[in-house]
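S.K.:
In my numbering, the protein residues as written are 1 to 134.
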C-alpha cells in the first residue's frame, strides 16, 4: 500500500504543504524500499532523511506559529518533540535490529502525519483564518 499525499491535508500555507508532501514521499519511499528488501544502509539513509525532514518541518511550523502568536504553540511543540524523540528512538533501534523495525516505521509515520495534520495543523490554520491572516 502506498503512502499518498491527499489534498484534504492542504493547509493553504505553501511551505507547510510542500514539506508535508515531502514527508509523505519520504515515508512512501521508505515503505517501498523495505518491502523490496533494500539493503540495510539504504533503509538507514532513508530513515535518517525522514528524521531530518521532520526536524526541518517542525522548526518551520513552530516559527510560523510563534510569529502569529498561536495560543496552542506549547502543546504543538510538545507533540513535535515527542514525535522527534520517537523517531530518534526508532532510528537507534533500527541500528540494533534493522529488519523488523523498518517494517513498522512507515505505518507509524503515516498514521502520525495524517492525525497531526488533521488535528494539529488545521487548528493553526483555523486560528490564522479567524484573524484574516491566511
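Glycine residues also receive a C-beta, built at the ideal position from the N, C-alpha and C atoms. All figures in this text were calculated on a predicted structure; none of them were measured in a lab.
Is the segment 115 to 122 close to the segment 4 to 16, with three or more CB pairs under 8 Å?
M.R.: yes
S.K.: Measuring straight from C-alpha to C-alpha, what distance separates residue 68 and residue 24?
M.R.: Counting from 1 along the chain shown, the entry for residue 68 is found at position 68. Counting from 1 along the chain shown, the entry for residue 24 is found at position 24. Residue 68 and residue 24 have their C-alpha atoms roughly 26 Å apart.
S.K.: Can you give me the Cβ contacts of residue 90 inside the same chain, cut-off strictly under 6 Å, excluding the 5 residues immediately before and after it?
M.R.: To locate residue 90, count along the chain shown from 1; it is residue 90. 105.
S.K.: Hey, would you say residue 185 sits closer than 9 Å to residue 53, going by beta carbons?
M.R.: Beyond the ends of the chain as shown, which are 1 and 134, falls residue 185; an answer cannot be given.
S.K.: Of all the CB atoms in chain D, is at least one closer than 9 Å to the CB of residue 84?
M.R.: The structure shown has no chain D; it contains just one protein chain.
S.K.: In angstroms with no decimal places, state the Cα-to-Cα distance between residue 61 and residue 39.
M.R.: Walking along the chain shown from the start, residue 61 turns up at place 61. Walking along the chain shown from the start, residue 39 turns up at place 39. Distance between the alpha carbons of residue 61 and residue 39: 33 Å.
S.K.: Relative to the C-alpha of residue 31, which residue among 19, 18, 2, 16 is closest?
M.R.: Taking the first residue of the chain shown as 1, we reach residue 31 at position 31. Of the candidates 19, 18, 2, 16, the one whose C-alpha sits nearest the C-alpha of residue 31 is 2.
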